[in-house]
Amino acid sequence: SQQGEEDPQALSIQEGENATMNCSYKTSINNLQWYRQNSGRGLVHLILIRSNEREKHSGRLRVTLDTSKKSSSLLITASRAADTASYFCATDRYNQGGKLIFGQGTELSVKP
Amino acid sequence: EPEVTQTPSHQVTQMGQEVILRCVPISNHLYFYWYRQILGQKVEFLVSFYNNEISEKSEIFDDQFSVERPDGSNFTLKIRSTKLEDSAMYFCASSLALKETQYFGPGTRLLVL
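Line by line, the protein sequences are chains E and H.
Start counting the first sequence at 59; every next residue gets the next number (the working numbering).
Start counting the second sequence at 128; every next residue gets the next number (the working numbering).
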């Protein structure tokens, strides 16, 4: 089964707008992690949210987790051109020894 | 801030050759991982490593792959006889403990010709 499916696949917004990306998953998790990847580069960790948490903030980032719906969202407020990147959710599934299952990602383009 | 490093950043090799990808995890981390990302595709888990042995491996991680922690700092991925389909970006990651943040290195882009 697919784990960590993001939508939309691509999102284009103007600088200053908010960007919301969603992630759905199918099995129970220990935690869910969001990463950013600039084109062809490494994965930068953004936020980890545990299964017993509902919301976390880090600077302009807000992540929510709804375990009943098996979904998470990443909100970037007041976006900047430098936020242009691909964003991935990755789930650490319950009793699965720590491996992360990544989604296909959302490609965010922030136009100046 | 401590970070995971990987060398080389790019590697080009001929099909059938052996390659070794190197990683230096964050120094106090205990869990180590390799992932790969074929161009345009998802990041895929390959293997996890703890206490000097493999904890878990995926179907991709067949007999052609091996991992080693030869000393207190390096963590390597060896592909014995590369295939065209091994061309991908290979990421090393480390975490302090299970269920904790995994920090990724910048990746090694492997091209098999």
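Glycine is no exception: its CB is placed at the ideal position from the N, C-alpha and C atoms.
Cβ-based burial, R49(E) [other Cβ within 10 Å; buried from 16]: What the structure shows of chain E is the stretch from 59 to 170, and residue 49(E) is not part of that stretch, so it cannot be assessed.
For chain E, is any of its Cβ atoms less than 8 Å away from the one on T228(H)? Chain E, which has a Cβ nearer than 8 Å to the Cβ of T228(H), makes this yes.
L240(H) - DSSP class collapsed to helix/strand/coil: L240(H) sits in coil when the DSSP states are folded into three classes, being neither helix nor strand.
Does the pairing of the region 153 to 164 of chain E with the region 122 to 130 of chain E give three or more beta-carbon distances under 8 Å? The answer is no - the region 122 to 130 of chain E does not touch the region 153 to 164 of chain E, with fewer than three Cβ pairs under 8 Å.
Please say whether S70(E) and K169(E) have beta carbons closer to each other than 8 Å? Cβ atoms of K169(E) and S70(E): closer than 8 Å.
Distance, Cα to Cα, Q162(E) vs F172(H)? Each residue's Cα considered, the two are about 14 Å apart.
Using 8 Å as the limit for Cβ to Cβ distance, is P233(H) near chain E? With 8 Å as the cut-off, P233(H) counts as an interface residue toward chain E.
Is it true that the CB of Y162(H) sits closer than 8 Å to the CB of V170(H)? At the C-beta level, V170(H) and Y162(H) come within 8 Å of one another.
Starting from K157(E), find everything on chain H with Cβ-Cβ shorter than 8 Å and list it in chain order. Chain H residues near K157(E): Y160, F172, S175, E183 and S185.
Using a Cβ cut-off of 8 Å (strictly closer), state whether F188(H) contacts chain E. No, because no Cβ of chain E sits closer than 8 Å to the Cβ of F188(H).
Within 10 angstroms of its Cβ, does A215(H) collect 16 or more other Cβ (buried), or is it exposed? So A215(H) ends up on the buried side.
Per-residue DSSP class, three states only, for A139(E): Three-state DSSP puts A139(E) in a helix.
So, Q73(H) versus F231(H), is the Cβ gap smaller than 8 Å? For chain H, the structure presents residues 128 to 240; residue 73(H) sits outside this window and is missing.
DSSP three-state label for E195(H), please. Taken through DSSP and simplified to helix, strand or coil, E195(H) comes out as strand.
For the putative contact between I134(E) and R118(E), defined by C-beta atoms under 8 Å, what is the C-beta separation to the nearest angstrom? About 6 Å separates the two Cβ atoms, so the contact holds.
Beta-carbon separation (whole angstroms), Q191(H) vs I206(H), contact threshold 8 Å: Going by Cβ atoms, the distance from Q191(H) to I206(H) rounds to 6 Å, so yes, they are a contact pair.
Chain-ordered residues of the region 135 to 154 of chain H with a beta carbon less than 7 Å from chain E: Residues are counted here when their Cβ sits less than 7 Å from a Cβ of chain E; for the region 135 to 154 of chain H the count is zero.
DSSP state of D65(E) mapped onto helix, strand, coil: Strand at D65(E).
Under 8 Å by beta carbon: chain H residues contacting R99(E): P233 and G234, listed in chain order.
K184(H) lies in the beta strand (DSSP E); which residues open and close that run? It spans E180 to K184 - the beta strand (DSSP E) in which K184(H) sits, taken as one unbroken run.
Contact set for S59(E): own chain, Cβ-Cβ below 6 Å, skip 5 residues either direction: Any reading at S59(E) must be qualified, since the residue scores a pLDDT of 33, below 50, and its modelled position is unreliable; the value itself is stated next. If we look at S59(E) and ignore the five residues flanking it on each side, its Cβ neighbours are K84.
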